[in-house]
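K.L.:
Have a look at this one before I ask anything.
Protein chains in written order, with my numbering: chain A, 590 to 1014; chain B, 23 to 399.
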């Protein structure tokens, strides 16, 4: 019923993190008329979701939803996107924050047409972070096919080398600019939503599961990349040691999660992720056997439960109640033996498979890199939302381990919380 | 799982296990990490995951007569790797003390040994027996004279044997009664849980298996497989061999006295005396190491039953050596009283052997023999 339809003067919102939660928060707030600054540390938006092959339980590609979101951002003048940017400092109180952000140089300007000539020209190869080091990319690259912003990236590793010169010479559009420097900016915002997301838990820390020691022990996020058409194997699931098509695969659930020694909490998504990845394998290899070792299969809700029931019907899928606590490799064949006690039959199982997938959990990004703001964290590093104090909120996996659906619902809620901060000021 | 099993939870049992040092047992969520990381757990029906659920559900019958609680050497690998801090190693330790108390009669004594409240009584019993019997027989002389100091002038060797020989008989008798039930129970449990296919228990086979496991015990092979508490194997080996050494010494001197009619104190040059001194020192070092290990492992629960035994072991060694040293130093008063205290310790160790944690020397040996006999993988 209010006449004043414009947002308040200091009515902008800062969203930190351009993953699915950050995108949702930014869009929900911007599409009702609020000015949003969306800050992302990577050179592209989409976060972890961009690395996924399919969503569960519908098994549809995330690229579809991302494309729609990118389109919405492009069309919305209320959103300003800063990639390769980090928040350095936050001062102020709810309704009036003074934020310092640091923009790192991309060395490529808006002239870029994504022609790829710089990649051709570049000789240096670097391991692809996007593909968890499973392949190498050139020092000048496009993060992935539908990266947004659609612009190439120059790796800091080639700066000052002959490769840099070669790239610059190759570019027909004068898009490469090595004079770009890091710069800091100040922005006044009324509310901040931290959508800083998560990191896959470092599986090398779980010393009895063999990750980092045996090439055919991979993580669930690596499996997503292997199964993705734009991944290191063009979507064909093969094992890293010899590119063999695996005839048997073991999933090790709770690799680090629900374990006081690593991540004491349940990461929520790993059971569904492994069941989903089982479908990837079963689709590609109709004779492959899949062994899933679990403590409890946690597939909350009717839709997830239904998905689990369907996988269970597959006679090539074996679900074993018992946590894998020992992993070894046969150096001759590269095969992996996982050891668990089947808690139902009370027998020790030594299952030799061609490849093992560790269902590693989520660790909030804020657990390892503390954010430059006055936020409260729980003992695991997730941000606690202080609604009494208001002003700053955590959305998605910065707040708790969650799937994409809950992240989006939560992000929408946090957009509303941010708006309320501005309006109530 | 076609078998039907009627669960009869015993809530008091759970409470007692908690009280005996198994206070973490309810944290277990049955992931079975413990059964895999345990270096000595068998492949057929491994432990301790199944013991953890039995303890948590109060299934006393599945635990007390279960040989697996004795196959456990308390390495601590399970406790370290447990994702929930449920400390399976400590829970099995608690179940073992419960089992010891179950098989030893009279049960009251078992209760006394496991509770600090009754420690004064346990110390008073030998003191009273020594004094009363000593005064009645006149074999305890509070004013021993003479130039040479000899313990027998104060506390006559006859008095020692008058007390300790019947005591040894009583210990053997209690163990014999306990073992009879114990062996039947572990066999029944092994059949129930599918650990063995030997339907009938064959004692000759069991004894043959016992002979086969003796080298394992002497070498502490199983103990050495532990990774987490590797250092405990050394301490245990020291105490273990010092007890064997002292047992041999006692027998040698027994023969000296009763067959050869030689009375002590014996010369320090006597080979048995060397063995005695080496064993004494090993006992003190081993006992001190055990206490040190316990104190430095803060993630490990140490219950009263552990301290009672450790205190006895170290006390026994210290008072024994002190008696000898003060005797040679000519400190008559001190040496006689130290000797008296030493005998109180010896009495505690022996008389309550079937009731204390030390009873593991019998139960674990038998369990290991049975496991060898069972043909379990």
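Backbone N, C-alpha and C define an ideal beta-carbon position, used for all residues, glycine too. Computed from a prediction, not measured in an experiment: that's the story for all the values here.
Tell me whether residue 966 of chain A sits in a helix, a strand or coil according to DSSP, three-state version.
P.N.:
strand
K.L.:
Going straight from the alpha carbon of residue 601 of chain A to that of residue 324 of chain B, what length do you get?
P.N.:
So the two alpha carbons sit approximately 59 Å from each other.
K.L.:
Tell me the DSSP bridge mates of residue 689 of chain A?
P.N.:
A:678, A:775
K.L.:
Out of curiosity, what's the CA-to-CA distance linking residue 689 of chain A and residue 674 of chain A?
P.N.:
10 Å
K.L.:
Quick one: Cα of residue 303 of chain B to Cα of residue 270 of chain B, how far?
P.N.:
16 Å
K.L.:
Is the Cβ of residue 402 of chain B closer than 7 Å to any Cβ of chain A?
P.N.:
Nothing can be reported for residue 402 of chain B: it is not among the residues displayed for chain B, which extend from 23 to 399.
K.L.:
For residue 895 of chain A, tell me which candidate among A:865, A:876, A:872 has the shortest Cα-Cα distance.
P.N.:
A:865
K.L.:
Roughly how many angstroms separate the alpha carbons of residue 69 of chain B and residue 52 of chain B, rounded to a whole number?
P.N.:
Cα to Cα, the separation comes out at about 12 Å.
K.L.:
Using 10 angstroms around the beta-carbon of residue 159 of chain B, count the other beta-carbons present and answer buried if the total reaches 16, otherwise exposed.
P.N.:
exposed
K.L.:
Beta-carbon within less than 8 Å of residue 74 of chain B's beta-carbon, same chain only, minus the 5 sequence neighbours each way: which residues are those?
P.N.:
47, 50, 52, 56, 108, 110, 113
K.L.:
I want to see whether chain A comes within less than 7 Å of residue 41 of chain B, judged by CB atoms only; does it?
P.N.:
no
K.L.:
Would you mind stating whether residue 677 of chain A and residue 691 of chain A have Cβ atoms separated by less than 7 Å?
P.N.:
Between residue 677 of chain A and residue 691 of chain A, the gap from beta carbon to beta carbon is short of 7 Å.
K.L.:
Cβ of residue 794 of chain A less than 7 Å from any chain B Cβ?
P.N.:
Taking Cβ atoms only, chain B never reaches closer than 7 Å to residue 794 of chain A, which makes this a no.
K.L.:
Please name the residue or residues paired with residue 947 of chain A in a DSSP beta bridge.
P.N.:
A:808, A:841
K.L.:
Counting C-beta neighbours from all protein chains within 10 Å, is the total for residue 682 of chain A 16 or more, i.e. buried, or is it exposed?
P.N.:
exposed
K.L.:
When the Cα of residue 327 of chain B is compared with those of B:100, B:82, B:155, B:120, which residue comes out closest?
P.N.:
B:120
K.L.:
State the Cα-Cα distance for the pair residue 843 of chain A and residue 949 of chain A, rounded to the nearest angstrom.
P.N.:
7 Å
K.L.:
For the structure I just gave you, are there three or more beta carbon pairs, one from the segment 734 to 742 of chain A and one from the segment 628 to 644 of chain A, closer than 8 Å?
P.N.:
Touching, yes.
K.L.:
Under the rule that 16 or more other beta-carbon atoms within 10 Å means buried, what is residue 762 of chain A, buried or exposed?
P.N.:
By the 10 Å Cβ count, residue 762 of chain A comes out exposed.
K.L.:
Please tell me whether residue 886 of chain A and residue 798 of chain A are closer than 7 Å, where the distance is taken between their beta carbons.
P.N.:
no
K.L.:
So, at 7 Å on beta carbons, what are the nonlocal neighbours of residue 897 of chain A in its own chain, with the 5 sequence-adjacent residues on each side left out?
P.N.:
So the list reads 864, 886, 888, once near-sequence residues are dropped.
K.L.:
I'd like to check one pair, residue 910 of chain A with residue 932 of chain A: are the Cβ atoms closer than 7 Å?
P.N.:
yes
K.L.:
What does the Cβ neighbour count give for residue 952 of chain A, buried or exposed, with the cut at 16 atoms within 10 Å?
P.N.:
Counting Cβ neighbours within 10 Å, residue 952 of chain A comes out buried, since at least 16 surround it.
K.L.:
With respect to the alpha helix (DSSP H) encompassing residue 618 of chain A, which residues constitute its N-terminal and C-terminal limits?
P.N.:
Counted as a single uninterrupted DSSP element, the alpha helix (DSSP H) harbouring residue 618 of chain A occupies residues 609 to 619.
K.L.:
Kindly provide the ranges of any beta strand (DSSP E) runs that are 3 or more residues long and lie completely inside the segment 852 to 908 of chain A, ordered along the chain.
P.N.:
878 to 883
K.L.:
Report all residues from its chain with a CB closer than 6 Å to the CB of residue 369 of chain B; omit the five preceding and five following residues, and keep chain order.
P.N.:
148
K.L.:
Round the Cβ separation of residue 387 of chain B and residue 217 of chain B to the nearest angstrom and send it over; I've been treating them as touching at under 8 Å.
P.N.:
Contact flag wrong, Cβ pair sits at about 18 Å.
K.L.:
Measuring alpha carbon to alpha carbon, tell me which residue in B:58, B:397, B:96, B:37 is nearest residue 230 of chain B.
P.N.:
B:397
K.L.:
Along the segment 847 to 862 of chain A, what residues have a CB closer than 9 Å to any CB found in chain D?
P.N.:
No chain D is part of this structure, whose protein chains are labelled A and B.
K.L.:
So what's residue 665 of chain A in DSSP terms, helix, strand or just coil?
P.N.:
coil
K.L.:
Looking at residue 789 of chain A and the ligand SAM, is the gap between the Cβ and the nearest heavy atom below 6 Å?
P.N.:
Ligands in the displayed structure: none, and consequently the ligand SAM is not present.
K.L.:
Just tell me which of B:33, B:63, B:34 has its CA closest to the CA of residue 935 of chain A.
P.N.:
B:63
K.L.:
Anything in the segment 41 to 59 of chain B with a Cβ closer than 7 Å to a Cβ of chain A? List those residues in chain order, please.
P.N.:
Going along the segment 41 to 59 of chain B in chain order, one finds 51, 52, 53, 54, 55, 57, 58, 59 with a Cβ nearer than 7 Å to chain A.
K.L.:
Any contact of the segment 665 to 674 of chain A with the segment 722 to 731 of chain A, i.e. 3+ C-beta pairs under 8 Å?
P.N.:
The segment 665 to 674 of chain A vs the segment 722 to 731 of chain A: no contact.
K.L.:
Take residue 92 of chain B and list the residues in its own chain whose beta-carbon comes closer than 6 Å to its own, dropping the five residues that flank it on each side.
P.N.:
For residue 92 of chain B, where only same-chain residues beyond five positions count, the Cβ hits under 6 Å are 385, 386, 389.
K.L.:
With a cut-off of 8 Å on the beta carbons, I'd call residue 334 of chain B and residue 256 of chain B a contact; round off their distance for me.
P.N.:
Incorrect: roughly 20 Å between the Cβ atoms, too far for contact.
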